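For reference, the structure is listed below as structure tokens.
This is the structure:
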């Protein structure tokens, strides 16, 4: 294991803090994947991702019980197809995205105003906060409250457990994650049962999952509703907020790109008389779409996916039993992208080579919420571009990459309204 040295040094030196650190992080899946990484080319990645459809490769996520055994990321075959169909209908069809666009904008606009009032913000912290608040509203119709603050902490503890060694005793991240999952399970299950008992519905993801029927007229059970709510929050919360943070970061360093973004979105805003944009406006925002795709490529919101071979698989003379498909390597490879570490939305004037752009995975298990993530990023970029200016306080701040890339200062920036607003 990549951190065995921490245990031995701790034992030899009697360094209790180091041992605590080893217990807490010793099976960080990102570290294990990084140190065990074997360079794969785009054809190999495509081979693994596409082969999931014929049953050659299955899923092997770490700590599956934490995210939920009946959630879409943990099931396979017909059960996966059924759950994926429910989720796509709930969050990826045009009617759902149109409603979501209306729901999230008031809170985004309010957050931007509050940031301008503060003058200086940690973009990572503030964006994460408003993203989580909107997810609570979209998924379970919860407005900010002491309960949503607790939920934020529970989800943070749950995510930390995915990356920790599964030692189930007091003081470990895994034990804490189990406790957090139990609290989330209790809260969401009580809400599902209340809605069933009172025969009430809300315009949110939970009610959508509860009410939909498959081709045989069957609905999801309580476990399936709860597990998939939890997994979708985990999948969409941190990755979306991270992408928005990186968009603001790179635009602050790319005045040419920001100017073009302002021009396009200013025209859209004038056509809307300064009102909220709708799903119907987005197809005309061509340059904004380029900024979205370039942000997602550079940010690598999903750096890897886990697969396990159900049978011995030969690929170019190698037998494959279990893999971590390292997607990040594709998007930072100079063989596929000119100057790959630079932020350049204009590279999207041409489509990428087939198999080189897999930010949401690929094959039949491509992220079901990919259009929702793009929508949230597009809407935030619109309101940033037409109303605000910002500047990084530490433009040369060091960047950490595990488990997700982020400037060590949280992208601290000055933030204010444009003079014309």
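Numbering (this note's numbering), first residue to last: 4 to 424.
We put the beta carbon where it would ideally sit given N, CA and C, even for glycine.
For clarity, every value in this text was computed on a predicted model and none was experimentally measured.
Go to residue i, then tell me how far its beta strand (DSSP E) extends in each direction, as first and last residue.
{"i": "residue 394", "result": "391 to 395"}
{"i": "residue 124", "result": "123 to 125"}
{"i": "residue 418", "result": "415 to 420"}
Quick one: what's got a C-beta closer than 7 angstroms to residue i's C-beta in the same chain, skipping five residues either side?
{"i": "residue 351", "result": "293, 296 and 297"}
{"i": "residue 392", "result": "419 and 421"}
{"i": "residue 257", "result": "346"}
{"i": "residue 162", "result": "237 and 241"}
Exposed or buried, what is residue i when buried is set at 16 or more other beta-carbons lying within 10 Å of its beta-carbon?
{"i": "residue 122", "result": "exposed"}
{"i": "residue 172", "result": "exposed"}
{"i": "residue 267", "result": "buried"}
{"i": "residue 82", "result": "exposed"}
{"i": "residue 410", "result": "buried"}
{"i": "residue 77", "result": "buried"}
{"i": "residue 175", "result": "buried"}
{"i": "residue 117", "result": "exposed"}
{"i": "residue 69", "result": "buried"}
{"i": "residue 302", "result": "buried"}
{"i": "residue 224", "result": "exposed"}
{"i": "residue 231", "result": "buried"}
{"i": "residue 273", "result": "exposed"}
{"i": "residue 284", "result": "buried"}
{"i": "residue 259", "result": "exposed"}
{"i": "residue 204", "result": "exposed"}
{"i": "residue 1", "result": "Within the shown structure, residues of the chain are numbered from 4 to 424, placing residue 1 beyond reach of any answer."}
{"i": "residue 331", "result": "buried"}
{"i": "residue 402", "result": "exposed"}
{"i": "residue 357", "result": "exposed"}
{"i": "residue 354", "result": "exposed"}
{"i": "residue 348", "result": "buried"}
For the alpha helix (DSSP H) that residue i lies in, which residues bound it at each end?
{"i": "residue 215", "result": "Run containing residue 215: none; DSSP gives neither H nor E here."}
{"i": "residue 244", "result": "225 to 255"}
{"i": "residue 179", "result": "176 to 201"}
{"i": "residue 260", "result": "258 to 274"}
{"i": "residue 154", "result": "149 to 165"}
{"i": "residue 293", "result": "289 to 302"}
{"i": "residue 89", "result": "80 to 94"}
{"i": "residue 354", "result": "Neither: residue 354 is in no alpha helix (DSSP H) and is coded neither H nor E."}
{"i": "residue 173", "result": "Unbroken run through residue 173: none, as it is neither H nor E."}
{"i": "residue 68", "result": "67 to 70"}
Only counting the same chain, and skipping five residues up and downstream in sequence, which positions put a Cβ closer than 6 angstroms to that of residue i?
{"i": "residue 41", "result": "Because residue 41 carries a pLDDT of 44, less than 50, the predicted location of this residue cannot be relied on, and no value is offered for it."}
{"i": "residue 125", "result": "413 and 415"}
{"i": "residue 248", "result": "126, 127, 130 and 414"}
{"i": "residue 135", "result": "155 and 240"}
{"i": "residue 369", "result": "363"}
{"i": "residue 114", "result": "133"}
{"i": "residue 151", "result": "139 and 145"}
{"i": "residue 373", "result": "363"}
{"i": "residue 147", "result": "136"}
One question on the structure: do residue i and residue j come within less than 8 angstroms of each other, judged by their Cβ atoms?
{"i": "residue 107", "j": "residue 137", "result": "yes"}
{"i": "residue 243", "j": "residue 400", "result": "no"}
{"i": "residue 211", "j": "residue 93", "result": "yes"}
{"i": "residue 1", "j": "residue 395", "result": "A question about residue 1 goes unanswered here, because the residues of the chain that appear run from 4 up to 424."}
{"i": "residue 388", "j": "residue 95", "result": "no"}
{"i": "residue 222", "j": "residue 209", "result": "no"}
{"i": "residue 195", "j": "residue 229", "result": "yes"}
{"i": "residue 246", "j": "residue 280", "result": "no"}
{"i": "residue 111", "j": "residue 378", "result": "no"}
{"i": "residue 73", "j": "residue 202", "result": "no"}
{"i": "residue 164", "j": "residue 181", "result": "yes"}
{"i": "residue 189", "j": "residue 288", "result": "no"}
Beta-carbon within less than 8 angstroms of residue i's beta-carbon, same chain only, minus the 5 sequence neighbours each way: which residues are those?
{"i": "residue 343", "result": "334, 335, 336 and 337"}
{"i": "residue 397", "result": "410, 412 and 415"}
{"i": "residue 119", "result": "391, 418, 419 and 420"}
Regarding residue i and the ligand SAM, is the C-beta to nearest heavy atom distance less than 7 angstroms?
{"i": "residue 233", "result": "Inclusion of the ligand SAM in the displayed structure is not the case, the ligand content being empty and no account of it being possible."}
I think residue i touches residue j, with their Cβ atoms under 8 angstroms apart; what is that distance to the nearest whole Å?
{"i": "residue 261", "j": "residue 291", "result": "That belief does not hold up - the Cβ atoms of residue 261 and residue 291 are roughly 12 angstroms apart, past 8 angstroms."}
{"i": "residue 271", "j": "residue 386", "result": "So it is not a contact: roughly 11 angstroms between Cβ atoms."}
{"i": "residue 235", "j": "residue 104", "result": "Not confirmed; about 18 angstroms, so no contact."}
{"i": "residue 141", "j": "residue 207", "result": "6 angstroms"}
{"i": "residue 220", "j": "residue 183", "result": "No, residue 220 and residue 183 are not in contact; Cβ-Cβ is about 35 angstroms, not under 8 angstroms."}
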